[in-house]
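All remarks here apply to the structure that follows.
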Amino acid sequence: ARASTPPDALARRRRAPPPDWWSARALPDTHMTRFLEARVRRRMRELGGDAAGFAPSVSVRLVSCVPQKLRVPPVLRKHFVGRDGRALPESLRYESRSVVLFQRTDGQDLM
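Quick note on the working numbering: the sequence shown kicks off at 22 and runs consecutively.
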């Protein structure tokens, strides 16, 4: 016969995440997202009406920031030069970012 696990042991294993785990507030904010959030809220207040009432429920968060490298095709390197007159590099580094606007509705953050 198999030994069964007591119910209280199962409950301890399946601890619920913190209440704000699945919310925009749980995501870190950055200088850029604070700036964007302030601009969006200000514009909503400027529009007035219903938009002004919803302004406090809006939040902007950076959900992805991945360093990337773009290979510059040889044909571009052949025909174009940089500002300083030197040849273009073989690759350009950049960051691919995903910025999302959330609105809190009925206790849930919606994208």
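Glycine residues also receive a C-beta, built at the ideal position from the N, C-alpha and C atoms.
| Query | Result |
| --- | --- |
| 7 Å CB neighbourhood of residue 125 in its chain, flanking five on each side removed | 78 |
| Residue 78 - DSSP class collapsed to helix/strand/coil | helix |
| Span separating the alpha-carbon of residue 47 from that of residue 105 | 44 Å |
| Backbone secondary structure at residue 36 - three-state DSSP | coil |
| Residue from 111, 93, 84 and 95 with nearest C-alpha to residue 122 | 84 |
| Beta bridge counterpart(s) of residue 123 as assigned by DSSP | 80 |
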